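Before any comments, here is the structure.
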Amino acid sequence: MAELLNWLFGQYADYSTIFIILELIAVIFGVVSVLLASKTNILVFPIGLVSTAIFVYLLWKWQLFGDMFINAYYTVMSLYGWINWSKNKKNQSIETHESNNVRIEHLHAGDIPILSALAVGTMSFVALIYYFRPVINNGFSFDGAVLGVHLFTWVDYTDMLTTALFLMAMWLMARRKIEHWILWIIADAISVPLYFYKGFTFTALQYVVFTLIAIWAYYEWQRRYRIQPQAAYA
4 MAELLNWLFG QYADYSTIFI ILELIAVIFG VVSVLLASKT NILVFPIGLV
54 STAIFVYLLW KWQLFGDMFI NAYYTVMSLY GWINWSKNKK NQSIETHESN
104 NVRIEHLHAG DIPILSALAV GTMSFVALIY YFRPVINNGF SFDGAVLGVH
154 LFTWVDYTDM LTTALFLMAM WLMARRKIEH WILWIIADAI SVPLYFYKGF
204 TFTALQYVVF TLIAIWAYYE WQRRYRIQPQ AAYA
């Protein structure tokens, strides 16, 4: 048991207390935001902003640039989603005289080109970051820095994949598409062993919770879609 606990949390012995506290705060706010999203509660966005802002700082310090980019993107998309959901909620209130609902929609063929562009653009951008990682780690100096795709590890490639999945999911979430939960499930499940491997146990455990919530939320959004007024999606 002691060996297991050391494997899970031993790396935190070298972390400053403030980093541990910040990670825990970000995890708590992240879990709360996902629960709010499952209930189509618009507070998902301001609560999520707290989590993503903290993770941007932590991931920069940890030099996990792909993950940092995800959370920076989350921050921007949270603002967009907040505006989009607020506008939709107002419109639906006028149409149905109900003030607590946000219209849920299914993925349309017109969304595919944007999703494809997001995937290609994201993976290319993250690959570029990792390609120049030696320069970034060298204080943004090319002196003595060795570049090359051969330096990429399986963690880097996995990071590219999960980054693309998360970005697509966040865009679909902001657009109120049910299918965003499928992408969350896949990306969250991949992230669990990835973060354990990276040594960020609290964040890995967060993704375990995220995966379970996302599975439940997918069916919850399907249920909400079936019972929402016809005027909301006609």
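All residue numbers for the sequence shown refer to the numbering used here, where the first residue is 4 and numbers rise by one.
Beta carbons are placed, not taken as given, at the ideal position from N, Cα and C, and that holds for glycine.
As the structure is a prediction and not an experimental result, all values here were calculated from the model.
- In this model, Phe-72 and Val-129 are separated by some 8 Å (Cα to Cα).
- Fully enclosed beta strand (DSSP E) runs of no fewer than 3 residues are not present anywhere in the segment 21-66.
- Residue pairing by DSSP puts Lys-180 in a beta bridge opposite Glu-108.
- The three-state reading of DSSP puts Leu-150 in coil, since its state is none of H, G, I, E or B.
- Cβ contact annotation for Tyr-83 (same chain, cutoff 8 Å, sequence separation greater than five): Ala-177, in chain order.
- Distance between Ala-75 and Tyr-222, taken at the CA atoms: about 28 Å.
- Per the coordinates, the alpha-carbon of Arg-136 lies some 51 Å from the alpha-carbon of Pro-232.
- Below 8 Å, enough C-beta pairs join the segment 192-202 and the segment 157-169 to call them touching: three or more.
- Counting the other Cβ atoms within 10 Å of the Cβ of Asp-70 gives 16 or more, which makes it buried.
- By the neighbour-count criterion, in which 16 or more other beta carbons inside 10 Å mark a residue as buried, Gln-209 falls on the buried side.
- With contacts defined by Cβ atoms closer than 8 Å, Phe-32 and Ile-50 form a contacting pair.
- Considering only Ile-57, Lys-64 and Val-47, the residue with the shortest C-alpha distance to Leu-27 is Ile-57.
- Gly-147 and Val-138 have their C-alpha atoms spaced approximately 9 Å apart.
- DSSP places Asn-87 in the helix class (H, G or I) of the three-state scheme.
- Taking C-beta atoms under 8 Å as the contact rule, Trp-174 and Leu-121 qualify, at a distance of about 6 Å.
- Across the set Thr-43, Trp-219, Thr-78 and Trp-184, the C-alpha of Thr-43 shows the shortest separation from the C-alpha of Trp-88.
- Counting along the chain, Gly-124 sits inside the alpha helix (DSSP H) bounded by residues 115-134.
- For Phe-203, the secondary structure class from DSSP, reduced to helix, strand or coil, is coil.
- Nearest neighbour of Trp-157 by Cα position, chosen from Tyr-133, Trp-184, Arg-227 and Asn-140, turns out to be Tyr-133.
- The Cβ atoms of Leu-52 and Ser-81 lie closer than 8 Å to each other.
- Nearest to Leu-215 by alpha-carbon distance, out of Ala-29, Tyr-77, Ser-41 and Leu-25, is Ser-41.
- If you draw a straight line from the Cα of Phe-203 to the Cα of Ala-112, it is about 38 Å long.
- Arg-106 and Lys-180 have their C-alpha atoms roughly 9 Å apart.
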